[in-house]
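Notes for the one structure printed next.
Number of protein chains: 2
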Amino acid sequence: MSDARPIGVFDSGLGGLTAVRELFQALPQESVVYFGDTARLPYGSKSGETVTRFSLEIASFLVRHDVKCLLVACNTASSYALDTLTKRLEIPVVGVIQPAVSAAIAASPHGRIGLIGTLGTIGSGAYASAIQRQAPASRVVARACPLFVPLIEEGWLTHPVTRQVAEEYLAELRTAGLESLILGCTHYPLITPLIGELIGPSVRLVDSGAEAARATAVMLRERDLLAAGSPRHQFYVSDQPRNFDRIARSFLGRPIPPTTVVDQTDLPWFERVPAP
Amino acid sequence: MSDARPIGVFDSGLGGLTAVRELFQALPQESVVYFGDTARLPYGSKSGETVTRFSLEIASFLVRHDVKCLLVACNTASSYALDTLTKRLEIPVVGVIQPAVSAAIAASPHGRIGLIGTLGTIGSGAYASAIQRQAPASRVVARACPLFVPLIEEGWLTHPVTRQVAEEYLAELRTAGLESLILGCTHYPLITPLIGELIGPSVRLVDSGAEAARATAVMLRERDLLAAGSPRHQFYVSDQPRNFDRIARSFLGRPIPPTTVVDQTDLPWFERVPAP
Chain A
1 MSDARPIGVF DSGLGGLTAV RELFQALPQE SVVYFGDTAR LPYGSKSGET
51 VTRFSLEIAS FLVRHDVKCL LVACNTASSY ALDTLTKRLE IPVVGVIQPA
101 VSAAIAASPH GRIGLIGTLG TIGSGAYASA IQRQAPASRV VARACPLFVP
151 LIEEGWLTHP VTRQVAEEYL AELRTAGLES LILGCTHYPL ITPLIGELIG
201 PSVRLVDSGA EAARATAVML RERDLLAAGS PRHQFYVSDQ PRNFDRIARS
251 FLGRPIPPTT VVDQTDLPWF ERVPAP
Chain B
277 MSDARPIGVF DSGLGGLTAV RELFQALPQE SVVYFGDTAR LPYGSKSGET
327 VTRFSLEIAS FLVRHDVKCL LVACNTASSY ALDTLTKRLE IPVVGVIQPA
377 VSAAIAASPH GRIGLIGTLG TIGSGAYASA IQRQAPASRV VARACPLFVP
427 LIEEGWLTHP VTRQVAEEYL AELRTAGLES LILGCTHYPL ITPLIGELIG
477 PSVRLVDSGA EAARATAVML RERDLLAAGS PRHQFYVSDQ PRNFDRIARS
527 FLGRPIPPTT VVDQTDLPWF ERVPAP
């Protein structure tokens, strides 16, 4: 038995393409429908109410594209909206938090876990709660890193300024005796070399997008929902911003295929999207 | 004769409050209705189509609040959407570009004008065109500074990293023999001391929001539209993000009054706003 319906993936912008890259590797026969909310990004500094509203709108759009499951490849959206999405949707929903938490706990025998992310991801406490539930003896050291996303979008991956910002953000984490560090934002894999150098080789870096992609693969296998045959991918964004191609390629690891810009001028914007 | 209707002001977020601060000083009897699109900020990296669409939506909202004129206190929106707004609206529309250009030209006898702003403001060429029209012999040196806004929102106004970023962004401008430098983003007045120190005391810094506020005062006076009596201000945002109060106060120069969050869940969101 196989299920040819696509996997729905969304992010506030293009960072979620790091998860799609992992999906392509783990599940080369699966089709993906991606939505990046580039007109309204970033989510990291916005309120839980607004991020939840945006997430529900995008989920509606993807459900209309007949996805068999939803991968929320945005840490801020996973932090605020995962429960609501899970309750409202009839398809399985995978967020980035639980998979990353499981990987971090497995890599941290003494429970010394670090976490970096946006203001929203850190402020929501979603990661800390998930870790406490699963490994109550753990000690979590968390730090919001709001400048990492704009620095990465500026393309300053190895710039001295990015190093200086990272040294400041990671100062406390570097002396905390960590066993693992959760990269709680799908942008951060692009500066893994810098983070790894500063935090030291003994700390396992957990890529939340990659872990979520692998968790999606496990879930589809368990539920007998895997596809067979040749995949057909679709990419949607709410805006085609400046530097779009450069940024998309940096996350996806290859040039991004033709992408549809979804207008949302009036009314329930997802209703005005032509059927694919 | 007097006109008690409020002045409508909008920005992608809270930076436009630097213009409101100037309005309060120049026109203490005027009422202001402010809208900050904090759910969808920033505009600086987004496409002209999207920024124009957002601007039209917000203008509709403000027109429903019976504003007598519209001050577009966002450089990116002024760059992309001013012509469309002027054509579509029946009230006078003031952007930040023309007032700043006039001030820069007046301060630059040899026409050596610098310009800094977002990717959208610089990339649109709106400032350069306006300068060429008014002073064709001028030489404009422009530079996009996309990290200034996130650094300012992080509160790093005097942080060494901000200085290092500014040194890199302003390197060419510092050796260009400028007579004036247009601060083409309403966030930048918060780092005026740093910019002034790097660019030198002989360069006149032009605050685009303040110039636009003064141009609004002149326009209202000329058209006999000034208010008499005691003002009543209203502040709206599309999201109440993290650090809202701190950021708002830094721009407005005093604590922000009670602010209404305008939900935009479905349908023409401006239609769902209760009458003020």
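Protein chains in written order, with our numbering: chain A, 1 to 276; chain B, 277 to 552. Note that the Cβ used here is the ideal one computed from N, Cα and C, for glycine as well.
Element boundaries [alpha helix (DSSP H), containing residue i]
i: residue 209/A; result: 208-222
i: residue 346/B; result: Taken as a continuous stretch (DSSP letters only), residue 346/B belongs to no alpha helix (DSSP H), being part of the beta strand (DSSP E) at 345-348.
i: residue 66/A; result: First-last for residue 66/A: undefined, no H or E at that position.
i: residue 477/B; result: Looking at the DSSP string, residue 477/B is not in any alpha helix (DSSP H), and its letter there is neither H nor E.
i: residue 528/B; result: 520-528
i: residue 80/A; result: 75-88
Start-to-end residues for the beta strand (DSSP E) that takes in residue i
i: residue 313/B; result: First-last for residue 313/B: undefined, no H or E at that position.
i: residue 535/B; result: 535-537
i: residue 225/A; result: Here residue 225/A belongs to no beta strand (DSSP E), and DSSP marks it neither H nor E.
i: residue 236/A; result: 234-237
Local Cβ density within 10 Å of residue i, reported as buried at 16 or more and exposed below that
i: residue 498/B; result: exposed
i: residue 566/B; result: In the structure displayed, chain B extends from 277 to 552; residue 566/B sits before or after that span and is not available.
i: residue 8/A; result: buried
i: residue 430/B; result: buried
i: residue 363/B; result: exposed
i: residue 218/A; result: exposed
i: residue 533/B; result: exposed
i: residue 15/A; result: buried
i: residue 385/B; result: exposed
i: residue 546/B; result: Because the pLDDT at residue 546/B is just 42, under 50, the model does not fix this residue reliably, and the value given afterwards should be weighed accordingly. With 16 or more other Cβ atoms within 10 Å, it is buried.
i: residue 453/B; result: exposed
i: residue 245/A; result: exposed
i: residue 37/A; result: buried
i: residue 2/A; result: exposed
i: residue 224/A; result: exposed
i: residue 28/A; result: exposed
i: residue 476/B; result: exposed
i: residue 329/B; result: buried
i: residue 294/B; result: buried
i: residue 12/A; result: buried
i: residue 505/B; result: exposed
i: residue 267/A; result: Model confidence at residue 267/A stands at a pLDDT of 37, short of 50, so the residue's coordinates are unreliable and nothing is read from them.
i: residue 137/A; result: exposed
i: residue 76/A; result: buried
Cutoff 7 Å: residue i Cβ touching any chain E Cβ
i: residue 518/B; result: The structure shown contains no chain E; its protein chains are A and B.
Secondary structure, beta strand (DSSP E): runs of 3+ residues fully inside the stretch 101-182 of chain A: 112-117, 139-144
- Query: When the Cβ atoms of the stretch 213-232 of chain A are set against those of the stretch 4-24 of chain A, are three or more pairs found closer than 8 Å?
  - Reply: yes
message: Taking beta-carbon pairs under 7 Å, can you tell me which members of the stretch 297-323 of chain B lie near chain A?
response: Going along the stretch 297-323 of chain B in chain order, one finds 315, 316, 321, 322, 323 with a Cβ nearer than 7 Å to chain A.
Quick check for students: name the residue ranges of the alpha helix (DSSP H) that lie wholly in the stretch 278-335 of chain B, counting only runs of 4 or more.
293-302
Discussion item. Pairs of beta-carbons, one from the stretch 89-103 of chain A and one from the stretch 57-68 of chain A, closer than 8 Å: are there three or more?
Written reply: yes
Any contact between the stretch 432-441 of chain B and the stretch 467-479 of chain B? By contact I mean 3 or more CB pairs, one from each, below 8 Å.
yes
Check: Does the stretch 97-104 of chain A come close enough to the stretch 42-50 of chain A that 3 or more CB-CB pairs lie under 8 Å?
Finding: no
- Along the stretch 474-497 of chain B, what residues have a CB closer than 9 Å to any CB found in chain A? none
Check: In the stretch 439-466 of chain B, which residues sit with their C-beta less than 7 Å from some C-beta in chain A, listed in chain order?
Finding: 440, 441
Is it a yes or a no for the stretch 422-437 of chain B touching the stretch 353-366 of chain B, going by three-plus beta-carbon pairs under 8 Å? Too few Cβ pairs lie closer than 8 Å, so no.
- Three or more C-beta pairs below 8 Å linking the stretch 378-393 of chain B and the stretch 454-463 of chain B: yes
Q. With a cut-off of 8 Å, do at least 3 Cβ pairs link the stretch 250-258 of chain A to the stretch 133-142 of chain A?
A. No: the two stretches stay apart, fewer than three of their Cβ pairs being nearer than 8 Å.
| Mind listing which residues of the stretch 385-406 of chain B have their C-beta closer than 8 Å to chain A's C-betas, in chain order? | 395, 396, 399
*asked:* With three or more C-beta pairs closer than 8 Å as the rule, is the stretch 234-243 of chain A touching the stretch 129-139 of chain A?
replied: no
Against chain B, which members of the stretch 50-62 of chain A pass a CB distance test of less than 7 Å?
Listed in sequence order: 50, 53.
ask   = Going along the chain, which residues of the stretch 229-241 of chain A sit with their C-beta nearer than 9 Å to a C-beta in chain B?
value = Within the stretch 229-241 of chain A, the residues whose Cβ lies closer than 9 Å to some Cβ of chain B are 238, 239, 240, 241, listed in chain order.
Quiz item: What residues from the stretch 423-438 of chain B come within 9 Å of chain A, judged by C-beta to C-beta, listed N to C?
Solution: Flagged, chain order: 423, 425, 426, 427, 429, 430, 432, 435, 436, 437.
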